[in-house]
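Accompanying notes for the structure given below.
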Amino acid sequence: MSITIDGRQVAASVIETVKAATRALETDAGVRAGLAVVIVGDDPASHAYVSSKSKMAKECGFLSIQHTLSEATTQEELAALVAKLNADPSIHGILVQLPLPKHLNSEPIIQSILPEKDVDGLHVVNAGKLATGDLESGLVSCTPAGAMVFVRQTHGDDLSGLNAVVIGRSNLFGKPMSALLLAANATVTTAHSRTRDLAAVCRNADILVAAVGRPEMLKADWVKPGATVIDVGINRVPAPEKGEGKSKLVGDVAFAEAAEVASVITPVPGGVGPMTIAMLMANTVIAAHRKAGHKPPRF
Ligand code: GUN
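FYI, in this note's numbering the residues of the sequence shown are 1034 to 1332.
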């Protein structure tokens, strides 16, 4: 049997560190950390995510600003809002919730956010710093940063000699996750939908990170005995056992069977999910410390 990581508990401890650092910055520098979250359109799932981000920012003691823009917002209007937030000294972090409505082009918007306020870690400057191994001055995308907290808790800071496999190559997760593992000295394979014999590649992994978006695709025989398995998938599937028309969340890993083989595994829900918001708060308080010329906390 394996150890199941309690992501809610780890996230709560990150939030405690954020709260303490927020209070200290206010006392020592008279600066209150500020986070602006921007959402465009009516997607209910995005609205739910954004509300939890704004609520958690308040709970952390931040100045928490939410801009809710209509579906009819133009590219120019959104760009103008980002420019205004870039120039606002009370705002240390800017997050534009993705995906944007189809008529808007997200890339120029993301790249127009000042890198030092890019708490999503999506600006090319932050992606480039991570790619070159500069973890001190950039900001790292929240979900991989959260997954990495689990990896460090399990294996320590130095992953020398360990094979890591990341399934997924998105800019938001797969690429930064691979870069973080590499920076910690792991031997990293970034696998994806075009990888040949994915199961065999996965069986080689001491650290297996799945971000595929397919419910319970990774079976027990994909997992090396004793591996650490991090499940980044969040898939809603029908759950007739809970009643007609009901659904539930599952990951990309067939949890019950994989847990028999792995030594450490994350559940869905309650694994990586809660860490994403916690690391957004962490990035905001880091950005506020840097702006004030104070040494930021480590997470
Ligand atoms: N949509 C889903 N996840 C994310 C995220 O981490 N950041 C942003 N900006 N949008 C998202």
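Just so it is clear, CB atoms sit at the ideal spot from N, CA and C, and this is done for glycine as well.
Residue 1203 has its CB no nearer than 8 Å to any heavy atom of the ligand GUN.
Within the region 1056–1121, the complete beta strand (DSSP E) segments at least 3 residues long are 1067–1073 and 1096–1102, listed from N- to C-terminus. Exclusion of the five residues before and after residue 1196 leaves 1220, 1237, 1238 and 1239 as the residues of its chain whose Cβ lies within less than 6 Å of its Cβ. Three or more beta-carbon pairs separated by less than 8 Å are not found between the region 1083–1092 and the region 1038–1046, which leaves the two stretches without contact.
Residue 1073 sits close to residue 1111, with the two beta carbons spaced by under 9 Å. Approximately 6 Å separates the beta-carbon atoms of residue 1173 and residue 1209; this is inside 8 Å, confirming the contact. Remark: the shortest separation between the CB of residue 1042 and any heavy atom of the ligand GUN does not fall under 8 Å. Assigned with DSSP and collapsed to three states, residue 1159 falls in helix. Judged by DSSP in its simplified three-state form, residue 1139 adopts helix. Counting C-beta pairs closer than 8 Å gives three or more between the region 1251–1266 and the region 1293–1303, which meets the contact rule. Minimum Cα-Cα distance from residue 1146 among the listed residues 1134, 1135, 1130 and 1232 corresponds to 1130. Per DSSP, reduced to three states, the secondary structure at residue 1147 is coil, with no helix or strand assignment. For residue 1191, the shortest separation between its Cβ and any heavy atom of the ligand GUN does not lie below 8 Å.
For the set 1037, 1094 and 1036, the Cα lying nearest the Cα of residue 1058 is the one of 1094. Residue pairing by DSSP places residue 1281 opposite 1270 in a beta bridge. Residue side-chain check: residue 1176 places its Cβ nearer than 8 Å to a non-hydrogen atom of the ligand GUN. Looking at the DSSP output, residue 1198 bridges to 1222 and 1241.
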